[in-house]
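Residue numbers (this note's numbering): 19 to 275.
Ideal Cβ placement from N, Cα and C applies to all residues, glycine included.
Reading through the structure tokens given below for one structure.
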Ligand SMILES: NC(=O)c1ccc[n+]([C@@H]2O[C@H](COP(=O)([O-])OP(=O)(O)OC[C@H]3O[C@@H](n4cnc5c(N)ncnc54)[C@H](OP(=O)(O)O)[C@@H]3O)[C@@H](O)[C@H]2O)c1
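Put into structure tokens, the structure is as follows:
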């Protein structure tokens, strides 16, 4: 799908990967709809300068079901072409040490709001016979590491949800793209070392959000169903999938209780 002139909705567009995607879409000439927790005039101005013909901001707290419902009401008349469910929270550490409130908020943002938004926005896309749902999962959806139990569970569920609706959308003109995102240098990436680091030697491989946004652009243009990691992360992913005993042995060597 070409990005130019498309109505693109991005959650969590103010920083990290979402900001990288928003800048990339602006440079491609997309009409942007940004879901943020707070208004951000500087961000709007930046994206207009980069080439976006329009930038609209909607404030919502994706950890609140009612807030997502209100957002959907605001979006009712917008003919969205691309929905990018990107916003996310990280939980981590030994399971008995993870605060229950953090786990609930993380599942709400990473999974339940993504489902609620998709469910609300999809009917318009199907009616117009055009659309793309992009869900930001993670290598954690496939590579199951200690200290990532709840976060990995949310991302595995995002991947399962995306696979199921991809099949449902056959011949509708609407497609899905699941991002199996590797380490990207953002605030969340820095949080991994803090939340997992006490018990796990965390891999330090990462690329920048702008470089990752360019990979996402190509996956959108090529109508890919998956964006997979490259390099050392791709090798780790293949080992976890095809040589699970070897993967568990390697993980065990890096984990200390
Ligand atoms: N970075 C990585 O290495 C990596 C790897 C795999 C997958 N991912 C996934 O990529 C996505 C983006 O991550 P990132 O690295 O860019 O993280 P980030 O820099 O921490 O950004 C997270 C974004 O989510 C938004 N957000 C969090 N809670 C929200 C809420 N309750 N309501 C609305 N927005 C909320 C944040 O907004 P505020 O600024 O208002 O908090 C921020 O825009 C996430 O889904 C993450 O799981 C990241």
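Checking the DSSP bridge columns, you'll see residue 72 partnered with 49. For a cut-off of 8 Å, the C-beta gap from residue 34 to residue 206 is around 6 Å, short enough to register as a contact.
Remark: the shortest separation between the CB of residue 204 and any heavy atom of ligand 1 falls under 7 Å. Its Cα nearest to that of residue 104, the residue 39 stands out among 251, 39, 222, 162. Annotated three-state conformation of residue 77 is strand, per DSSP. DSSP places residue 26 within a strand segment (E or B) once states are collapsed to three. Setting aside the 5 residues that flank it on each side, residue 138 is surrounded in the same chain by 90, each with a C-beta closer than 7 Å to its C-beta; the list follows chain order. The beta carbon of residue 75 is closer than 7 Å to those of 52, 54, 57, 58, 62 in its chain, skipping five residues each way along the sequence. Here residue 99 is buried: its Cβ has 16 or more other Cβ atoms, across all protein chains shown, within 10 Å. Fewer than three pairs of CB atoms, one per stretch, sit closer than 8 Å, so the region 207–214 makes no contact with the region 249–269.
Relative to the Cα of residue 248, the nearest Cα in the group 233, 109, 117 belongs to 233. Comparing alpha-carbon positions, the option among 113, 192, 183 lying closest to residue 145 turns out to be 192. Remark: the shortest separation between the CB of residue 207 and any heavy atom of ligand 1 falls under 7 Å. Judged by DSSP in its simplified three-state form, residue 182 adopts helix. Taken from the Cβ of residue 73, every heavy atom of ligand 1 lies 7 Å or farther away. In this structure, residue 223 lies near residue 201, with their beta-carbon atoms less than 8 Å apart.
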